[in-house]
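Let me begin by presenting the structure, written as structure tokens, before commenting on it.
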Amino acid sequence: MKQDPYVPTQPEQPQPVAYDAEGRPLYAHPPVQQPAVVHVARPLEPEKQVMSAERQRLHDRSKRLYPLLNLSEGEYVIQAVRRHPIGLILPLAAGTIAIGLLLSLLFNYDLVVARFTITGVLSSAAAIAVPVLVLVAIIGLGMFIAYYVYVNNKFFLTNESVIQELQISLFSRQEQTVSLANIEDASYTQHGILQQILDYGDIRLSTEGDETTYRFSYVASPKTHIARLNNAVEAFKNGRPVDGE
576 MKQDPYVPTQ
586 PEQPQPVAYD
596 AEGRPLYAHP
606 PVQQPAVVHV
616 ARPLEPEKQV
626 MSAERQRLHD
636 RSKRLYPLLN
646 LSEGEYVIQA
656 VRRHPIGLIL
666 PLAAGTIAIG
676 LLLSLLFNYD
686 LVVARFTITG
696 VLSSAAAIAV
706 PVLVLVAIIG
716 LGMFIAYYVY
726 VNNKFFLTNE
736 SVIQELQISL
746 FSRQEQTVSL
756 ANIEDASYTQ
766 HGILQQILDY
776 GDIRLSTEGD
786 ETTYRFSYVA
796 SPKTHIARLN
806 NAVEAFKNGR
816 PVDGE
């Protein structure tokens, strides 16, 4: 049986879609054009950006001053925001009063014995000396922990992000970081005449997308810090250098 010779495939021609009264085609759809695909090779490792000497100096200085901060390459601290000391008045005052009362009891125990006619083993100051001193040590330790936790809650503005250090307890620490590009709103609040007179308040940051809110309380001069933060956010989003001014 004789096979048909190979016939090469012809390119697809436009097919008429309308005809006149005599059967002549009026117009036809053009052939479908396939989009061209261009393959571009990309290096496996991203190109390392060249860092200026000044930026490297600021980065090294920030790493030296704040060794616990997780700073990226070329990131440096512009401003460190700490809490107002008024937040320490209540716990330190309460602890000081308690220690003073206990020591006063110990040194004037003979008057207490005479006033309440205490007899037996408890009539001697030596009998209560150890318990009183233990209570004094516990209260002193509590005051130290309260002070340590309070002063180690910090808020940092860098040229790329905002970092909040949360010292939850003596051995528990947490760090929260949000990019300046993700900050949608930054504001501060001051309630009452005392906060107005002593110039302290709360800072609030909200981010885009997940609507996460960050708060930092007992901030000294919150208006100044928020103004500087808003300037940094605007500069970062517009591609300008962030200097914190």
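Using my numbering, the first residue of the sequence shown is number 576, and each one after it goes up by one. C-beta: ideal position from N, C-alpha, C; glycine also.
DSSP three-state assignment for residue i, whether helix, strand or coil
i	result
residue 776	strand
residue 808	helix
residue 611	coil
residue 821	The displayed coordinates of the chain run from 576 to 820. Any statement about residue 821 would go beyond what the structure contains.
residue 790	strand
Integer-rounded CB distance, given that residue j should sit under 8 Å from residue i
i	j	result
residue 755	residue 811	4 Å
residue 680	residue 687	7 Å
residue 729	residue 636	No, residue 729 and residue 636 are not in contact; Cβ-Cβ is about 17 Å, not under 8 Å.
residue 723	residue 662	Residue 723 to residue 662, Cβ: 13 Å. No contact.
residue 670	residue 718	4 Å
residue 703	residue 684	6 Å
residue 674	residue 714	5 Å
residue 763	residue 801	5 Å
residue 634	residue 646	7 Å
CB of residue i within 7 Å of CB of residue j, strictly
i	j	result
residue 752	residue 772	no
residue 757	residue 782	yes
residue 761	residue 780	yes
residue 650	residue 735	yes
residue 777	residue 796	no
residue 711	residue 677	yes
residue 666	residue 721	yes
beta-carbon residue i near the ligand COA non-hydrogen atom, thresh 6 Å
i	result
residue 810	This structure does not include the ligand COA; it has no bound ligands of any sort.
Segment limits, beta strand (DSSP E) that includes residue i
i	result
residue 748	747-754
residue 760	758-764
Endpoints, the alpha helix (DSSP H) within which residue i is located
i	result
residue 627	Where residue 627 is concerned, there is no enclosing alpha helix (DSSP H), given that its DSSP letter is neither H nor E.
Could I get the ranges of all uninterrupted beta strand (DSSP E) runs contained in the stretch 684-736, with 3 residues as the minimum, in chain order? Taking only runs of at least 3 residues, the beta strand (DSSP E) segments lying wholly in the stretch 684-736 are 729-733.
In chain order, which continuous runs of the beta strand (DSSP E) of length 3 or greater are located wholly inside the stretch 644-679? Taking 3 residues as the minimum length, the beta strand (DSSP E) runs contained wholly in the stretch 644-679 are 652-656, in order along the chain.
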